[in-house]
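S.K.: Residue numbers (this note's numbering), protein chains in the order written: chain A, 1 to 437; chain B, 1001 to 1145.
Glycine included, every Cβ here is placed at the ideal spot set by N, Cα and C.
One structure is given below, represented as structure tokens, and several questions about it will come after.
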Amino acid sequence: MACGASATRCHRVGIVKTAGLSLDQAPPIDIPFKFFLTASLFSVIIGLLLIVKGEEVFLSRWTPLALGITHLITIGFLAQVMTGAMIQLLPVLAGSPIPAVITISRIIHLSLLSGAILLVTGFIFSHRFSLFAGAGLLAAAFTLFLIAALISLVSSGIRHNNAVSLGLGWLAIVPAVAIGIYLAMGLTGIASVSDMSRLTAIHLSWGVLGWVGIVLFATVFQLIPIFYVTKEIPTHIRHIAFAVIFSLLILYSLSHVIASRLFENSLVLIVMLFLLLGITVLYAIHRRKRKILDITLLFVLTGLVFLVLAAIVWVVGDYDLIVGVLLLGGVCLTIPIGIIYKVIPFLCWFHLQSLQVKQEKFSYSLPSMKHFISDKDAKRHYYLHVGAIFMVIISIVFPGPIVRLSGIVFSLSSIYFLKNVLFAFLAFRREQKALYV
Amino acid sequence: METIKDSMTQDHRRCDDIFVEMEQAIVQQQWPEADRLCREFIASMEHHFKIEEELLFPELEKAAPQAGGPVNVMTMEHDQMRHLMKQLASSVDKKSKELSTGYSDTLLVTMQQHNIKEESVLYPMADNAVPVLADEIAKAYAEPV
Ligand code: HEM
Chain A
1 MACGASATRC HRVGIVKTAG LSLDQAPPID IPFKFFLTAS LFSVIIGLLL IVKGEEVFLS
61 RWTPLALGIT HLITIGFLAQ VMTGAMIQLL PVLAGSPIPA VITISRIIHL SLLSGAILLV
121 TGFIFSHRFS LFAGAGLLAA AFTLFLIAAL ISLVSSGIRH NNAVSLGLGW LAIVPAVAIG
181 IYLAMGLTGI ASVSDMSRLT AIHLSWGVLG WVGIVLFATV FQLIPIFYVT KEIPTHIRHI
241 AFAVIFSLLI LYSLSHVIAS RLFENSLVLI VMLFLLLGIT VLYAIHRRKR KILDITLLFV
301 LTGLVFLVLA AIVWVVGDYD LIVGVLLLGG VCLTIPIGII YKVIPFLCWF HLQSLQVKQE
361 KFSYSLPSMK HFISDKDAKR HYYLHVGAIF MVIISIVFPG PIVRLSGIVF SLSSIYFLKN
421 VLFAFLAFRR EQKALYV
Chain B
1001 METIKDSMTQ DHRRCDDIFV EMEQAIVQQQ WPEADRLCRE FIASMEHHFK IEEELLFPEL
1061 EKAAPQAGGP VNVMTMEHDQ MRHLMKQLAS SVDKKSKELS TGYSDTLLVT MQQHNIKEES
1121 VLYPMADNAV PVLADEIAKA YAEPV
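Right, dumping it as structure tokens:
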């Protein structure tokens, strides 16, 4: 089944190792769709929470609601998007499919889904059992994914350049989750944890900078030459940058046990490195041959600008909440959405094209990528999304009824995202049916 | 001396350049220009495919049987691109900006992911297995399309 729609061709090509050349080894398209749709549902929940409980959320970053929303973004949205995309991408990168991909991805999807719901309810209602049940399910989901990915990589024996960077990024989820569980024990009084706030900073650094940061940048580096015809960023520069970031994260973690200015300041270096990477990508985009400003590129560019803003506000001083919104909402939502809007149409087209060859229906004219998500729909979502982020920031600076309004705009934006992904799926199904009759 | 990878990569960039110009003309709806560039683009692509399919791939498969898999995938993707180019040409014919940009966008992604795979896997393989072809390929590209 790993060959998806084009089993016959996969068989022919599969006799000789294709060195990761064939997208044909990609798993069925329902799998990424399922993960992306779930992610969009979680972002709808964030919007609804902002409408109902907006004032409470932004009192401080430590309110149960703020912690709940933080994890709705990181676990609810990002974990779904990133694992869904990786399951799709791994066979292509590694040249060998994930074992029993349908079953494995179903288990991962369900445990991420239920784990996120339980963890977030645990935060919001300060419910101990729910918090730990959620944490356990999440830990299980990530462990299963890492093992499956490792098997796929090892059995292929092929080292794709980018697999190293992605692997490093995924490794960072281990300390992030482990420290998260320890923090939860501290929060609920099961363990006495010294210096919670420092440890929280270490936890979120592994999660946001290590896991999301490295995986996201490794993906962006890989995709911008393909999607926007930019120059490739040399592989050794990427490898060195990610390795340094990872090492600095280890040093920063040591600051919890060893008091040292050097260790503490490694966080500043990490942020500066990401800033440098962000500027490198912006520069490569600026220098690209193809001058058309694609909507998906606009999402990516905007996300990078939010990254620069977040770093500036962080350096200027005590505006944690704003930095959080810029980073989690501005960067960690915006860039993945842009990538999804390019990846989904390409996957749809690619799978249909394979099916067309298999069915030998060459007289049938397949629609192009834009048929699945049009520029107009992506653009509308872009305005709603960026508007929502700005309104949330304004409502932090000027608390008041505007919070609800920002919640409404955020909800609309999320619903629009859900609609776009869902309609792409339905359009895919229609075309698929047309090829089968 | 130019390696196989050098010549082939340069030709990829040459096709990219024409593509970018063509896409610009489509977006600005300068149809006579778009039509001319579309023809030029398709001719360049076919020229590139021809050198690969008639010269490079058969020799490579003879010298290195393990290249058979990747060569199969590449040839398949050539056919995908041929199909897309046909759809693109007919949309440019109809002077439809929406259809044309849709197909050009799809073609671009297909083309770029294809090129990266050739440049990072297949051409280095060829430079190893059939280095004697380097001159002949360089010469083939020196000729006008
Ligand atoms: C099973 C997984 C996880 C558990 C059990 C967990 C648990 C926790 C706990 C208990 C806190 C609050 C600490 C305190 O009140 O001082 C926290 C904060 C935080 N976590 Fe997690 N976490 C998990 C995964 C993640 C991941 C994967 C990320 C990021 C990608 C993340 C990002 C954050 C952030 C940003 C904060 C700080 C929120 C703030 O400062 O306002 N967490 N986490």
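Does DSSP put H256/A in a helix, a strand or coil?
M.R.: coil
S.K.: Check whether the stretch 1013-1024 of chain B and the stretch 407-427 of chain A are in contact - that is, three or more C-beta pairs closer than 8 angstroms.
M.R.: no
S.K.: In chain B, what lies closer than 8 angstroms to V229/A by C-beta?
M.R.: D1016, V1020, L1108 and Q1112
S.K.: Kindly confirm or deny that the stretch 1125-1136 of chain B and the stretch 1048-1064 of chain B touch, where touching means at least three C-beta pairs closer than 8 angstroms.
M.R.: yes
S.K.: Roughly how many whole angstroms lie between the Cα atoms of E1040/B and L262/A?
M.R.: 59 angstroms
S.K.: Throw me the rounded Cβ distance for the L48/A and E56/A pair, which I believe falls under 8 angstroms.
M.R.: Wrong, their Cβ atoms sit about 14 angstroms apart, outside the cutoff.
S.K.: List the whole-angstrom C-beta distance separating I98/A from S152/A, where the pair is believed to meet the contact cut-off of C-beta under 8 angstroms.
M.R.: 5 angstroms
S.K.: Please state if the CB of L267/A and the CB of S197/A are separated by a distance shorter than 8 angstroms.
M.R.: no
S.K.: Would you give the residue range spanned by the alpha helix (DSSP H) that K1139/B belongs to?
M.R.: L1133 to A1142
S.K.: For H371/A, which of L412/A, G180/A and E431/A has the nearest alpha-carbon?
M.R.: E431/A
S.K.: Locate the alpha helix (DSSP H) running through L49/A, then write down its first and last residues.
M.R.: D30 to V57
S.K.: By the 10 Å Cβ neighbour count, where 16 or more other Cβ atoms means buried, how is M1081/B classified, buried or exposed?
M.R.: buried
S.K.: Where does W349/A land, buried or exposed, given buried means 16+ other C-beta within 10 angstroms?
M.R.: buried
S.K.: Just checking M196/A against ligand 1 - is the residue's beta carbon closer than 7 angstroms to any of the ligand's heavy atoms?
M.R.: yes
S.K.: If we require 4 or more residues per run, which alpha helix (DSSP H) segments fall completely within the stretch 1018-1083 of chain B?
M.R.: 1031-1050 and 1057-1063
S.K.: Is F299/A close to chain B, meaning its C-beta is less than 8 angstroms from at least one C-beta of that chain?
M.R.: no
S.K.: Could you please tell me which residues of the stretch 362-383 of chain A, in chain order, have their CB closer than 9 angstroms to any CB of chain B?
M.R.: F362, S365, L366, P367, S368, M369, K370, H371, S374 and D375
S.K.: Taking one C-beta from the stretch 1088-1108 of chain B and one from the stretch 323-332 of chain A each time, how about it: are there three or more such pairs within less than 8 angstroms?
M.R.: Taking 8 angstroms as the limit for Cβ pairs, the verdict is that the stretch 323-332 of chain A does not touch the stretch 1088-1108 of chain B.
S.K.: What is the residue span of the alpha helix (DSSP H) that W349/A lies within?
M.R.: T334 to Q359
S.K.: Do F274/A and L366/A have their C-beta atoms within less than 8 angstroms of each other?
M.R.: Going by C-beta atoms, F274/A is not nearer than 8 angstroms to L366/A.
S.K.: Given a limit of 7 angstroms on CB to CB distance, which residues of the stretch 196-223 of chain A reach chain E?
M.R.: Within the model displayed, chain E is absent; protein chains A and B are what it includes.
S.K.: Shorter than 8 angstroms from the beta carbon of L21/A to some beta carbon of chain B?
M.R.: Only weak support exists for where L21/A lies, its pLDDT of 47 falling under 50; the value from the coordinates is given anyway. It does: the Cβ of L21/A has a partner Cβ on chain B nearer than 8 angstroms.
S.K.: Would you say A139/A touches ligand 1, meaning its beta carbon is less than 7 angstroms from a heavy atom?
M.R.: yes
S.K.: Using a Cβ-Cβ cutoff of less than 7 angstroms, which residues in the same chain neighbour T200/A once the five nearest sequence positions on both sides are dropped?
M.R.: The beta carbon of T200/A is closer than 7 angstroms to those of L183 in its chain, skipping five residues each way along the sequence.
S.K.: State the Cα-Cα distance for the pair R12/A and V313/A, rounded to the nearest angstrom.
M.R.: Per-residue confidence for R12/A stands at a pLDDT of 34, beneath the threshold of 50, marking its modelled position as unreliable; no derived number is given.
S.K.: Please decide whether F423/A counts as near chain B, where near means a Cβ-Cβ distance under 8 angstroms.
M.R.: no
S.K.: Considering only C-alpha positions, which residue in the set L150/A, Y228/A and V323/A is nearest to V1020/B?
M.R.: Y228/A
S.K.: Below 6 angstroms CB to CB, which residues in the same chain sit around I173/A once its five sequence neighbours on both sides are set aside?
M.R.: F142 and W211
S.K.: Helix, strand or coil, according to DSSP, for R380/A in the structure here?
M.R.: Assignment of R380/A by DSSP, reduced to helix, strand and coil, places it in the helix class.
S.K.: What is the rounded straight-line gap between the Cα of I373/A and the Cα of A259/A?
M.R.: 52 angstroms
S.K.: Using a C-beta cutoff of 8 angstroms, does L91/A count as contacting chain B?
M.R.: According to the sequence shown, residue 91/A is Pro rather than Leu. It does not; no Cβ of chain B falls within 8 angstroms.
S.K.: Straight-line CA distance for L405/A to A378/A?
M.R.: 22 angstroms
S.K.: Taking L355/A and L435/A to be in contact with their CB atoms under 8 angstroms, please state how far apart those CB atoms are, rounded to whole angstroms.
M.R.: 5 angstroms
S.K.: Just reading off the alpha helix (DSSP H) that H371/A is part of, what are its end residues?
M.R.: No alpha helix (DSSP H) holds H371/A; DSSP gives it neither H nor E.
S.K.: Who are the near neighbours of V16/A in its chain, counting only those whose CB is closer than 6 angstroms to its CB and skipping five residues on each side?
M.R.: Note that V16/A has pLDDT 32, beneath the 50 cutoff, so the model's placement of it is unreliable and no number is given.
S.K.: Give me, in chain order, the residues of the same chain whose beta-carbon lies closer than 8 angstroms to that of A243/A; leave out the 5 immediate sequence neighbours on both sides.
M.R.: Around A243/A: L168.
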